[in-house]
Amino acid sequence: MLGMITRRLMFAIPSLIGVVIVTFLLTRALPGDPAAYFAGPAATKEAVEQIRKKLGLDKSLPEQFSRYVADLSRGDLGSSLTTGQPVATEIKNRLPASAELTLLGLLISMSIALPLGILAATRPNSWIDHLCRLTTTAGVSLPVFFTGLLLVYVFYYLLGWSPAPLGRLDVFTSAPPHVTGFYLIDSLIAGQFETFRSAFSQLLLPAATLAIFSLAPIARMTRASMLAVLASEFVRTAVASGLSRFTVIVTYAFRNAMLPVITTLSMVFSFLLGANVLVEKVFAWPGIGSYAVEALIASDFAPVQGFVLTMAVMYVVLNLIIDILYGVIDPRVRLEG
Amino acid sequence: MSDAVLPQVATTIATPVAKTNRFAAMLSHAHYVISGNPVTGFAFALLILIVIAALFGPWLVPHDPLASNTAVALKPPSLQHWFGTDQLGRDVFSRVIVATRLDLFISVASVALVFLMGGIAGIASGFFLGWTDRIVGRISDTIMAFPLFVLAMGIVAALGNTVQNIILATAIVNFPLYVRVARAEANVRREAGFVQAARLSGNGEFRILFGHILPNIMPIMIVQMSLTMGYAILNAAGLSFIGLGVRPPTPEWGIMVAEGAAFMVSGEWWIALFPGAALMLAVFCFNLLGDGLRDIVDPSRRT
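As structure tokens, this is what we get:
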């Protein structure tokens, strides 16, 4: 098991190197003079020269790259032009907001998609199968920002069940003391149930938006792989041996059907991290996505670069976890390692 | 399904008959395919509507999509303005229809570009293997290491905020998908009888690649293109929703939804709803079409 994890870690390293090179090259690809770009449109000639020196842009490309890597290893992602704040601090402060949203979205999505996929596979051509097909087809066609706006209109404007889509807490509530950065967990630790309620009601709509978006691939894959497993010989044997329907489906079929679903999770995460940016914009969510969007509009490149790098590193790590999870579920993968 | 389709195709090719006859055969073939799969027929009808809107949109709409008239700002849908008017009094219906051309252009251009880049890189790497395969594989792996939409954001931010760069970014993030499909298909055919026959007849490797392998994997690549069209539209609309690429007042679905977003909380639903619905229909159409085409080309992958 340990050998397998080490091997997977070795696989992740080339990806990380690729990610660092691409984010470096993205800065170099800036049209025109990067120094003038970083300095802003109102900068004087001397200011541009100064920034060129400061950024090390007067050095050769390999030198610049080694400087970039050295900065990264110290956790330095540069500073934002508009706020002057270091990008790394800002991203660190905002990351819990994005993570809480994404994880809750995934949790909701899995808790609906898995049963839906399993039920659809065990009862082909029933109404639940058609429901599953409808949700999966509609789910992939819905633009995530559009779903979010529809939910806001229905649940905030029409029904008034949901608070205004403006951030993590309503204006009367202050943030719970920082422990994990997840307001749901922190408020419970502090015993502030009113804060928990506020945070939860703010979180529900954006998380549901992400859930609707990621439901389709998970349900579709669960259904397809359950269908394949249910037709296999060991399931037939289990049924013939007189095991209960529940045991056959949950213990025998589901565990085997999980493998392709876990592989799909990698793709789901890729979509989810991207969709996160759009959902954060719709709900004015103070996460790293809206930080990057604000910076993009202000042509402030350092935060965007830091954001792309952070997202990519997180994605590589998530893929690593998925690979390891695969090994935990499937003993054959462990033996190979 | 393909077993039943194939003989019909064979007869249309084999009989060099009059043009009208061939056209009739094509029609009956199309009818056969669509009646076997009404959903694909529906998607095809939708596609025709979208193409008409894209080609003739500016001449079909009742109002000038850019003309603002504050006297009728923020009016709900009525007989005069079918989809209502936005905050500047512009006709939402006209804007949604006119926007079709730009949205379709962006997605078609990016899909064509990624077909050229990814398709050719993919068949080359599956056919030549060796270092070509390693380099192409390394590039794909690096792209796949990013969440795709995030990479697209980074590319547009770095290269500049223009429509061309939206097209390029959308093409780049789809690159690994095309490489994977093209590589697998080319690799299977690498030592096929017809390839060896072509080689023995003295054809060069590149001639075999483009003259024999590429035409053979075209059906599967076309399915792939149709399936990624939907994603390309969503990706481009997402980028313009966060303020990249298309600039106001140009009508484009993503930016129109973004403009209408602020009015959703105050109850003016029509500004964002109609462009969003158009976006959804277009993506839905291409996804259905892709699924239908795949069922025809490769029934074994049906899910």
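If you read the protein sequences in the order shown, they are chains A and B. According to this note's numbering, the first sequence is numbered sequentially starting from 125. According to this note's numbering, the second sequence is numbered sequentially starting from 141. Glycine included, C-beta positions come from ideal geometry on N, C-alpha and C. Being a predicted model, the structure only gives us computed values, none of them experimental.
In this structure, how does DSSP classify Asp231(B) when only helix, strand and coil are distinguished? Looking at Asp231(B) - three-state DSSP - the assignment turns out to be strand.
Is Phe271(A) helix, strand or coil by DSSP?
According to the sequence as given, residue 271(A) is Thr; it is not Phe. Reduced to three states, the DSSP call for Thr271(A) is helix.
| message | Can you tell me whether Ser204(A) is helix, strand or coil according to DSSP? | response | Correct three-state label for Ser204(A): coil.
Discussion item. Please report the straight-line C-alpha distance between Arg274(B) and Ala322(B), rounded to a whole angstrom.
Written reply: Rounded to whole angstroms, Arg274(B) to Ala322(B) spans 15 Å at the Cα level.
Closest by C-alpha distance to Val201(B), when choosing among Ser406(B), Pro391(B) and Arg434(B): It is Pro391(B) whose Cα lies nearest to the Cα of Val201(B).
Query - Alpha-carbon spacing of Val172(A) relative to Phe425(A), whole angstroms - result: Between Val172(A) and Phe425(A), the C-alpha separation is close to 16 Å.
Using the beta-carbon of each residue, which ones in chain A are nearer than 8 Å to Asn427(B)? For Asn427(B), the C-beta contacts it makes with chain A under 8 Å involve Thr261, Val264 and Ser265, in order along the chain.
* If you run the structure through DSSP and keep just helix, strand and coil, what is Thr297(A)? -> If DSSP states are grouped into helix, strand and coil, Thr297(A) belongs with coil.
Would you give the residue range spanned by the alpha helix (DSSP H) that Glu357(A) belongs to? First-last of the alpha helix (DSSP H) with Glu357(A): Glu357 to Ala364.
Look at the Cβ atom of Ile412(A), then the Cβ atom of Phe395(A), and state whether they are nearer than 8 Å. With respect to Phe395(A), Ile412(A) sits apart: the two C-beta atoms are not nearer than 8 Å.
Under a three-way DSSP split, which group does Pro316(B) fall into?
Of the three classes helix, strand and coil, the one that applies to Pro316(B) here is helix, per DSSP.
(message) Please tell me whether Met420(B) has its Cβ less than 8 Å away from any Cβ of chain A.
(response) Interface with chain A (8 Å Cβ-Cβ cutoff): Met420(B) is included.
* Asked: Taking a cut of 8 Å between CB atoms, which residues from the segment 360-391 of chain B lie near chain A?
  -> Of all residues in the segment 360-391 of chain B, Gly370, Leu374, Ala377, Gly378, Phe381, Ile382, Gly383 and Leu384 have a Cβ within less than 8 Å of some Cβ in chain A.
Who pairs with Pro217(B) in a beta bridge, going by DSSP?
Assignment of beta-bridge partners to Pro217(B) by DSSP yields no partner.
Kindly list the residues whose CB is nearer than 7 Å to the CB of Ser311(A), restricted to its own chain and excluding five residues on each side of it in sequence; keep chain order.
-> So the qualifying residues of the chain are Pro300, Thr319, Phe320 and Ala323.
**Message:** Quick check: what's the CA-CA separation for Ser234(B) versus Ile453(A)?
**Reply:** Whole-angstrom Cα-Cα distance: 54 Å.
Going along the chain, which unbroken runs of the alpha helix (DSSP H) with 4 or more residues stay wholly within the segment 373-456 of chain A?
Here the runs fully enclosed are 379-406, 412-421 and 425-453.
Handout entry: Whole-angstrom C-beta distance between Ala244(A) and Val440(A), which should lie under 8 Å
Key = Contact flag wrong, Cβ pair sits at about 33 Å.
Buried or exposed, going by whether 16 or more other CB atoms sit within 10 Å of the CB of Asp143(B)? Note that Asp143(B) scores 45 on pLDDT, short of 50, meaning its location in the model is unreliable; the coordinates nonetheless yield the value given after this. Residue environment: Asp143(B) is assigned as exposed (fewer than 16 neighbouring CB atoms within 10 Å of its CB, all protein chains considered).
Next on the checklist: Just to make sure I have the definition right: I need the residues of chain B whose C-beta is within less than 7 Å of the C-beta of Ala288(A). Which are they?
Outcome noted: Simply Val405.
Q.
To be precise: take each residue of the segment 373-387 of chain A, compare its Cβ to all Cβ atoms of chain B, and keep it if any distance is under 7 Å. Which residues remain?
A. Cβ proximity to chain B below 7 Å picks out nothing from the segment 373-387 of chain A.
**Q.** Proximity winner among Leu308(B), Val386(B), Arg329(B) and Trp410(B), relative to Met358(B) (alpha-carbon distances)
**A.** Nearest option by C-alpha distance: Arg329(B).
Collapsed DSSP secondary structure at Ser139(A) in the structure displayed = Ser139(A) carries a helical assignment under DSSP once its states are collapsed to helix, strand and coil.
Take Phe296(A) as the anchor and find which of Pro287(A), Val303(A), Thr304(A) and His302(A) has the nearest alpha-carbon. Of Pro287(A), Val303(A), Thr304(A) and His302(A), the residue nearest in Cα terms is Pro287(A).
query: Using DSSP with H/G/I as helix, E/B as strand and the rest coil, what is Thr390(B)?
result: DSSP, read as helix, strand or coil, puts Thr390(B) in coil.
query = How long is the line joining the alpha carbons of Pro341(A) and Ala213(B), rounded to whole angstroms?
reply = Inter-residue distance for Pro341(A) and Ala213(B) is about 41 Å (C-alpha atoms, whole angstroms).
Q) For Arg84(B), which residues of its own chain have a beta-carbon under 6 Å away from its beta-carbon, when the five flanking residues on both sides are left out? A) Since the first residue of chain B shown is 141 and the last is 443, residue 84(B) is not available in this structure.
Beta-carbon contacts of Arg230(B) that lie in its chain and below 6 Å, excluding the five residues immediately before and after | Cβ neighbours of Arg230(B) beyond the five flanking positions: Ser208.
> Do the segment 403-420 of chain B and the segment 325-344 of chain B touch if we need at least three Cβ pairs shorter than 8 Å?
Replying inline: Taking 8 Å as the limit for Cβ pairs, the verdict is that the segment 325-344 of chain B does not touch the segment 403-420 of chain B.
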